[in-house]
Amino acid sequence: MLPGGEASPLEICVAVSAIVIANTIASLWVARRGGLDIRSGAVLYLLRFALNFVLLYAAGQLAGEREPAPLGHALFFAQLITLITWLYDWYRPLYEARFRRK
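Just so we're aligned, residue 1238 is where the sequence shown starts under this note's numbering, counting upward by one.
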């Protein structure tokens, strides 16, 4: 997925599954601590960013790449994944309230 990287479909499935599971665990952790307010939202964002970056780094090391992906690419990809998952969690309750069937 990153420029210059080649991965098999199985490797992509494993990586995506790890990212989804890790982000779900982070969301559940925040939900059990009382939900998502401004402060916990910021904590969740930083937690997810660190988690996603570590997962990307670990995936590169496990793949045995001779040259790791450039740091800028990994940071951008981690930021993108973090932003998408965080915004989904942040706005999902609003969506459900707006379109609740009565």
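Beta carbons: idealized from backbone N, C-alpha and C, even for Gly.
Being a predicted model, the structure only gives us computed values, none of them experimental.
Three-state secondary structure (DSSP) of residue i
i	result
S1245	coil
R1342	Residue 1342 cannot be examined here, being either before or after the span of the chain that is shown, 1238 to 1339.
R1337	coil
P1330	helix
Candidates the options: closest to residue i by CA position
i	options	result
L1283	T1322, L1331 and P1330	T1322
L1320	A1279, W1266, A1255 and L1247	A1279
R1285	T1261, A1296, L1308 and R1276	T1261
Burial state of residue i, where buried means 16 or more other Cβ atoms lie within 10 Å
i	result
S1264	buried
R1269	exposed
L1299	exposed
I1256	buried
L1288	buried
L1324	exposed
Through-space distance from residue j to residue i, alpha-carbon basis
i	j	result
L1317	E1333	24 Å
Y1328	A1295	30 Å
L1247	L1292	16 Å
C1250	F1336	32 Å
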